[in-house]
Amino acid sequence: MRRAQALAAKREAAAERLSRADLPKGGAWVTAARENALERLHRMGLPTRRDEYWRFTRPDALITAQTAPVPLMVDEDAPQFGELDRLNLVFVDGVLDAAQSDALAMDNVEITTLEQAATQDIHWARDLFGVLETQGQAPVERPLAALNTATATQGLLIRVTGQAPRPISVTYLRGNEAGDGVVHHVIRLEKGAALTFLESGPAAARLSAVTEVDVADGASFNHIRTQGRDHGRRALTHLFARIGSDASFKSFSLTVNGALSRNEYVITLEGDDSHATVSGAVAGDGNDGPFHQDDTVFITHAGERCESRQVFKKVLRNGATGVFQGKILVSPGAQKTDGYQISQALLLDEDSQFLAKPELEIHADDVACSHGATVGAIDDEALFYLMSRGVPRRLAQDMLVLAFLSEALDEIDNDAIRDDIQTRLELWVERHSA
Amino acid sequence: MLEIKDLHVKLAEEDKEILKGLSLTVPSGEVHAIMGPNGSGKSTMSYVLSGKEGYEVTSGSATLDGVDLLAMEPEERAAAGLFLAFQYPVEIPGVGNMTFLRTAVNSQRKLRGEEELSAAEFLKLVRAKAKSLKIDADMLKRPVNVGFSGGEKKRNEILQMAMLEPKMCILDETDSGLDVDAMKLVAEGVNALRDGKRSFLVITHYQRLLDHIKPDVVHIMAAGRIIKTGGPELALEVEHNGYADLLAEVA
Chain B
481 MRRAQALAAK REAAAERLSR ADLPKGGAWV TAARENALER LHRMGLPTRR DEYWRFTRPD
541 ALITAQTAPV PLMVDEDAPQ FGELDRLNLV FVDGVLDAAQ SDALAMDNVE ITTLEQAATQ
601 DIHWARDLFG VLETQGQAPV ERPLAALNTA TATQGLLIRV TGQAPRPISV TYLRGNEAGD
661 GVVHHVIRLE KGAALTFLES GPAAARLSAV TEVDVADGAS FNHIRTQGRD HGRRALTHLF
721 ARIGSDASFK SFSLTVNGAL SRNEYVITLE GDDSHATVSG AVAGDGNDGP FHQDDTVFIT
781 HAGERCESRQ VFKKVLRNGA TGVFQGKILV SPGAQKTDGY QISQALLLDE DSQFLAKPEL
841 EIHADDVACS HGATVGAIDD EALFYLMSRG VPRRLAQDML VLAFLSEALD EIDNDAIRDD
901 IQTRLELWVE RHSA
Chain W
478 MLEIKDLHVK LAEEDKEILK GLSLTVPSGE VHAIMGPNGS GKSTMSYVLS GKEGYEVTSG
538 SATLDGVDLL AMEPEERAAA GLFLAFQYPV EIPGVGNMTF LRTAVNSQRK LRGEEELSAA
598 EFLKLVRAKA KSLKIDADML KRPVNVGFSG GEKKRNEILQ MAMLEPKMCI LDETDSGLDV
658 DAMKLVAEGV NALRDGKRSF LVITHYQRLL DHIKPDVVHI MAAGRIIKTG GPELALEVEH
718 NGYADLLAEV A
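Line order of the protein sequences matches chains B and W. Taking the numbering used here, I'd label the letters of the first sequence as residues 481 to 914. Taking the numbering used here, I'd label the letters of the second sequence as residues 478 to 728.
The structure is reproduced here in structure tokens:
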């Protein structure tokens, strides 16, 4: 009875929220997808603090019809990935800015905008847009992803047919203090295709981003993201991925600052002999303003002999909060699965906290799965060792912070990209040195 | 010259005195050995001199060339020329050995107001010194002491010592956990640093290290202070008779 009442309240909240939303118009395929998303959202209702996967993170600020304004920050650091040979596409407050962007053209890649494709009655993306999101609603509901599918008008539809000659880079800038970005990307890697997809920048006062990635047999997808430094910004991201056989999927995120960042990953290894890695490095300082960062990962092994890794490292200080909810689900028949998960927090004081919920659910008998979650402080022995060699305390502590995060950065294969991220992290550490 | 006078030290957290009036002088250029039964305070002395937390100096003094060591931070003591080769070198995952060495060398130079070494200068120096200690490029690249064998860890300590060129080296049971060959290699590394000015304080349980690093003076430490001082023959006496007679003498 109580459950029925709670669901009724959630549905009411969804109806109320949608009554304040601008529902976009479009061609037949996109209209069908949006209507389905609306139907899902009405059925699920909006999340509340009582939902199992929202216990550690308040969804309220992500749900309101309008976002609270956030001061714009002048970022004087060199632009992320600016030194790389890339196809750069710029979004301002979640809207593609063609004038600042490279042309949407590259060998082995078809790129269109959601805005453009939505005017057509039929488009290849109809097989994916909202489809992977729908599949990702079970066994755990993600209503705010459905809200995104229903309301997003901005995003990229990328089809990769071979090796992409350069990474596609999306730079998210802010122009408006109260900008509300709703972005929905769809990426399809055809058989044997390969793409590196880079995302960087603060995006908006509040960002909702859904990315649906379909990695066909033998294809390889490499995702690197750095979330911008603007102190007050909020972001909710969902990455839905379906992975075929002999394929590779890697995603790394760096989060420094931001009042609220929740990154959800819903990855399904459908084929056999594939690999998926999801990793993240997080550095939060509550003295910059509230800091709450949440990684919620759900990896399903459906095929045989697949390997998955989850590696998350978070450095937290001055009242910063880190959350990790990570699950490995091994379906019946997914034999020879190798699942690995580690989440670790380094708390630099007693005001900060790390909330971790590692989960394994295994329905096959020939698998190897491990998980570990740890919380610790700076290692006094290591600190003294460094100082006894002449390294001042501050620098020694900074070295140990970077050393702690390096395990997550090691998940990045490309040296140039890794160095770029390392530099960004070093700048953060320097600025926040105690 | 290292000069320790009537040093009394207790644990910071509990009322337990470890050093009870330790006095010791190591003049420039000399090698002194300290031997003593377990729990006599040898390692505590090395930690207190290098500035580890957890100890409280209740009275006495320790100076290096007249400079008060106890008033300084650990990194300042290092820059002033004090070096402790750890009994158990610490593993630091995520910090490359080379990065660690370069940061240490340049931090000390900076603290002393000297020019920092360029990457090229540093590399040349470290390669030459590593070679004589049979430390290969791989060991320099790996994280500090991670996955190093006992012998590799101790050689790495000596490499740091060679790079930092301290005035006063304290070796805390550098021979522990080493086979004969590894011990010889370490001793050669130490002997190569003997230049008539640099001083050494070698803490050991066994006379055999002193066959390779020949001391000028041997001290016997018990219950937190030096109970006997003599020449190298004192180490041989301990090796043959143990500490019982010496302890009985002072009791």
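Virtual Cβ for every residue (Gly too), placed ideally from N, Cα, C.
Residue burial annotation: residue 627/B is buried, with at least 16 other C-beta atoms found within 10 angstroms of its C-beta. Residues of chain B with a Cβ closer than 7 Å to the Cβ of residue 584/W are, in chain order, 870, 871, 872 and 875. By the Cβ-count criterion, residue 668/W is exposed, with fewer than 16 other Cβ atoms from all chains shown falling within 10 Å of its own Cβ.
Here DSSP, grouped into helix, strand and coil, assigns residue 611/W to coil.
The alpha helix (DSSP H) runs of length 4 or more contained entirely in the stretch 523-603 of chain B are, from start to end of the chain, 540-543 and 594-597. Contact with chain W is absent for residue 561/B, since none of that chain's Cβ atoms lies less than 7 Å from the residue's Cβ.
If you look at residue 478/W, you'll find it isn't in any alpha helix (DSSP H); DSSP assigns it neither H nor E.
Put simply, the backbone Cα of residue 702/W is about 26 Å away from that of residue 553/W.
For the options 815/B, 809/B and 880/B, the alpha carbon positioned closest to that of residue 795/B is the one of 880/B. Proximity to residue 706/B across 908/B, 594/B and 809/B peaks at 908/B, based on C-alpha coordinates. With a 10 Å radius around the Cβ and a threshold of 16 neighbouring Cβ atoms, residue 877/B comes out buried. In this structure, the CA atom of residue 726/B is about 49 Å from the CA atom of residue 563/W.
Residue 825/B is outside the set of residues whose beta carbon lies under 7 Å from a beta carbon in chain W. Taking 7 Å as the threshold, the shortest C-beta distance from residue 864/B to chain W falls below it.
In the displayed model, residue 743/B falls within a strand according to three-state DSSP.
Secondary structure of residue 585/W (DSSP, three-state): helix.
Taking a Cβ-Cβ threshold of 7 Å, the residues of chain W close to residue 883/B are 569, 570, 571 and 572, in chain order.
DSSP, reduced to helix, strand and coil, places residue 665/B within a strand of the structure shown. In chain order, 504, 506, 507, 510 and 633 place their CB closer than 8 Å to the CB of residue 598/B, counting only its own chain and leaving out the 5 sequence neighbours on each side. Listed in chain order, the non-local C-beta contacts of residue 682/B below 6 Å within the same chain comprise 654, 708, 710 and 713, local neighbours out to five positions each way being set aside.
Contact residues of the stretch 520-553 of chain W toward chain B are 527, 528, 529, 530, 550, 551 and 552 (C-beta to C-beta distance below 8 Å). The contact set of residue 886/B on chain W, defined by CB atoms closer than 7 Å, consists of 571 in chain order. In its chain, beyond the 5 residues on either side, 570 have a beta carbon closer than 6 Å to the beta carbon of residue 577/B. In the same chain as residue 581/B, and ignoring 5 residues on each side of it, the C-beta atoms closer than 6 Å to its own belong to 569 and 570, in chain order. In the DSSP assignment, residue 692/B falls within the unbroken beta strand (DSSP E) covering 686-695.
Contact of residue 561/W with chain B is assigned, a C-beta pair being separated by under 7 Å. Of the residues assessed, residue 596/W falls on the exposed side of the cut-off, its CB having fewer than 16 other CB atoms within 10 angstroms.
From the listed residues 687/B, 636/B, 647/B and 739/B, the smallest Cα separation to residue 537/B is found for 739/B.
If you look at residue 564/W, you'll find it isn't in any beta strand (DSSP E); DSSP assigns it neither H nor E. Interface flag for residue 524/B against chain W is unset, since no Cβ pair is found closer than 7 Å. Not one beta carbon of chain W lies nearer than 7 Å to the beta carbon of residue 891/B. The alpha-carbon of residue 546/B is positioned some 16 Å away from that of residue 663/B.
Per DSSP, reduced to three states, the secondary structure at residue 730/B is strand. For the 7 Å CB-CB criterion, residue 774/B and residue 803/B form a contact. Around the beta carbon of residue 520/B, a 10 Å sphere encloses 16 or more other beta carbons of the protein chains shown; the residue is thus reported as buried.
With a 10 Å radius around the Cβ and a threshold of 16 neighbouring Cβ atoms, residue 657/W comes out exposed.
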